[in-house]
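Enquirer: Supplied in structure tokens, the structure appears directly below.
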Amino acid sequence: MSQWGFYHNADACVGCKACVIACKDKNDLALGRKLRRVYDYAGGSWKVDEQGACRQEGSFVYSISVACMHCASPLCVANCPSGAMTKREDGIVYVDTDLCIACGTCAKSCPYGQPFVDEDRAHSVKCDFCRLLVDQGEEPACVAACVTRALSFGELSELEAQHGSVHAVPPLPDDTGTNPSLVLTPSRLNPDGALPGKVINPEEEVL
Numbered sequence: 001m002s003q004w005g006f007y008h009n010a011d012a013c014v015g016c017k018a019c020v021i022a023c024k025d026k027n028d029l030a031l032g033r034k035l036r037r038v039y040d041y042a043g044g045s046w047k048v049d050e051q052g053a054c055r056q057e058g059s060f061v062y063s064i065s066v067a068c069m070h071c072a073s074p075l076c077v078a079n080c081p082s083g084a085m086t087k088r089e090d091g092i093v094y095v096d097t098d099l100c101i102a103c104g105t106c107a108k109s110c111p112y113g114q115p116f117v118d119e120d121r122a123h124s125v126k127c128d129f130c131r132l133l134v135d136q137g138e139e140p141a142c143v144a145a146c147v148t149r150a151l152s153f154g155e156l157s158e159l160e161a162q163h164g165s166v167h168a169v170p171p172l173p174d175d176t177g178t179n180p181s182l183v184l185t186p187s188r189l190n191p192d193g194a195l196p197g198k199v200i201n202p203e204e205e206v207l
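Sequential numbering of the sequence shown, starting at 1, is according to UniProt numbering.
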């Protein structure tokens, strides 16, 4: 069975959020709602040396663009009581709005905070990989909008063969259990994620 996935290069991403805007426009999202987020993650410190000059110690900052991970083992699908959360044979996870009862279980289950219940539409909403565009041979809106080509998509095994098998870097949660369909090129400033840091644009964590 095939599995579509996203690829993100942290060194190429400039944090412009063109992907976020393209996604909001494509999905006609209300003010304050977003299905894709760009986290700016930073860490390190400065030290004054004996000459009084400031020296950086392990300082870094990078941006990570994330949306639904279209996981191989999606908790939203497993826990949906109505069967509305659907995983296609090509791995794309979407909401069957005819079945959704707007209970919010999917939102509570997702470790990435992806689905949310749209009260006006009376059903859950999430990234669906722009499945109608992909079915027509086109790119997802976020990928098409990325000006630095930091974001791309493809068959997951091909992305892994080309870019490696890193599926989680800070500030993303551990990928054990869900197996996200996201391949990452970590920032060269923190390649193994060992340096401590924090999200410096916490507004991205709020829908």
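Built from N, CA and C at the ideal position, the CB exists for glycine as well.
Measure the C-alpha to C-alpha separation of residue 40 and residue 185 and round it to an integer number of angstroms.
Expert: In the sequence shown, residue 40 corresponds to position 40, counting from 1. In the sequence shown, residue 185 corresponds to position 185, counting from 1. C-alpha separation (whole angstroms): 15 Å.
Enquirer: Can you list, in chain order, the residues of its chain with a C-beta nearer than 8 Å to that of residue 198? Leave out the 5 residues immediately preceding and following it.
Expert: On the sequence shown, position 198 is the one that residue 198 refers to. Only 41, 42, 43, 171 meet the Cβ criterion.
Enquirer: What beta strand (DSSP E) runs, 3 residues minimum, are completely inside the UniProt domain "4Fe-4S ferredoxin-type" (91 to 120)?
Expert: Runs of the beta strand (DSSP E) inside the UniProt domain "4Fe-4S ferredoxin-type" (91 to 120): 93 to 95, 116 to 118.
Enquirer: Applying the criterion that 16 or more other CB atoms from any shown protein chain within 10 Å of the CB defines a buried residue, is residue 91 buried or exposed?
Expert: As a working mapping, residue 91 is identified with position 91 in the sequence shown. Label assigned to residue 91: buried.
Enquirer: Does the stretch 52 to 60 come into contact with the stretch 69 to 83, if we say contact requires no fewer than three beta-carbon pairs (one atom in each stretch) closer than 8 Å?
Expert: Output reads no: the stretch 69 to 83 does not touch the stretch 52 to 60.
Enquirer: Which same chain residues, not among the five before or five after residue 18, have their C-beta less than 7 Å away from its C-beta?
Expert: One-based indexing of the sequence shown puts residue 18 at position 18. Excluding sequence neighbours, residue 18 sits near 145, 146, 147.
Enquirer: Compare the beta carbon distance of residue 71 and residue 180 with 7 Å and say whether it is the shorter of the two.
Expert: The residue you call residue 71 lines up with position 71 of the sequence shown. The residue you call residue 180 lines up with position 180 of the sequence shown. Yes, these two residues count as a Cβ contact at 7 Å.
Enquirer: Compare the beta carbon distance of residue 219 and residue 37 with 7 Å and say whether it is the shorter of the two.
Expert: Past the boundaries of the shown model lies residue 219; the chain is included only from 1 to 207, so the question cannot be answered.
Enquirer: Would you decide whether residue 211 is buried or exposed? Buried here means 16 or more other CB atoms lie within 10 Å of its CB.
Expert: Lying outside 1 to 207, the shown extent of the chain, residue 211 is not represented and no answer is given.
Enquirer: Between which two residues does the beta strand (DSSP E) harbouring residue 42 extend?
Expert: Translated into the one-based positions of the sequence shown, residue 42 becomes position 42. Residue 42 -> beta strand (DSSP E) spans 37 to 48.
Enquirer: Can you tell which of 150, 68, 89, 47 has its C-alpha closest to the C-alpha of residue 209?
Expert: Absent from the structure is residue 209, since the part of the chain shown begins at 1 and ends at 207.
Enquirer: On the three-state DSSP scale, how would you describe residue 70?
Expert: Taking the sequence shown and counting its residues from 1, the one referred to as residue 70 is at position 70. Residue 70 falls in the coil class under three-state DSSP.
Enquirer: Given a cut-off of 7 Å on the beta-carbon distance, is the pair residue 167 and residue 175 in contact?
Expert: Locating residue 167 in the sequence shown gives position 167, counting from the first residue. Locating residue 175 in the sequence shown gives position 175, counting from the first residue. Yes. Within cutoff.
Enquirer: Please look up how many angstroms separate the CB atoms of residue 142 and residue 23, rounded, as I've assumed it's under 8 Å.
Expert: Here residue 142 refers to the residue found at position 142 when the sequence shown is read from its first residue. Here residue 23 refers to the residue found at position 23 when the sequence shown is read from its first residue. At roughly 5 Å, the Cβ-Cβ gap stays under 8 Å, so residue 142 and residue 23 are in contact.
Enquirer: Check whether the Cβ atoms of residue 126 and residue 115 lie closer than 7 Å to each other.
Expert: Within the sequence shown, the letter at position 126 stands for residue 126. Within the sequence shown, the letter at position 115 stands for residue 115. Their beta carbons are under 7 Å apart, which means residue 126 touches residue 115 by this criterion.
Enquirer: Look at the Cβ atom of residue 155, then the Cβ atom of residue 2, and state whether they are nearer than 7 Å.
Expert: Reading the sequence shown from its first residue, position 155 is the one you call residue 155. Reading the sequence shown from its first residue, position 2 is the one you call residue 2. It is a contact, given that the beta carbons lie within the stated cut-off.
Enquirer: Can you pull the DSSP bridge partners for residue 55?
Expert: Translated into the one-based positions of the sequence shown, residue 55 becomes position 55. For residue 55, which the question treats as bridged, DSSP gives the partners 47.
Enquirer: Since residue 7 and residue 169 are thought to touch, with beta carbons under 8 Å apart, how far apart are those beta carbons, to the nearest angstrom?
Expert: Here the question's residue 7 lines up with position 7 in the sequence shown. Here the question's residue 169 lines up with position 169 in the sequence shown. That belief does not hold up - the Cβ atoms of residue 7 and residue 169 are roughly 13 Å apart, past 8 Å.
Enquirer: Report all residues from its chain with a CB closer than 8 Å to the CB of residue 207; omit the five preceding and five following residues, and keep chain order.
Expert: Start at 1 with the first residue of the sequence shown, and residue 207 comes out as number 207. Residue placement at residue 207 is flagged as unreliable, the pLDDT there being 41, under the threshold of 50; the coordinate-derived value follows with that caveat. Hits under 8 Å: 32, 33, 34, 113, 116.
Enquirer: Taking its Cβ as the centre, do 16 or more other Cβ atoms sit within 10 Å of residue 132, making it buried, or is it exposed?
Expert: For the purposes of this step, residue 132 is taken as the residue at position 132 of the sequence shown. When all chains shown are included, residue 132 counts as exposed.
Enquirer: Quickly, what does DSSP pair residue 24 with across the bridge? List them, please.
Expert: Stepping through the sequence shown from its first residue, residue 24 is reached at position 24. Answer is none; residue 24 lacks a bridge partner.
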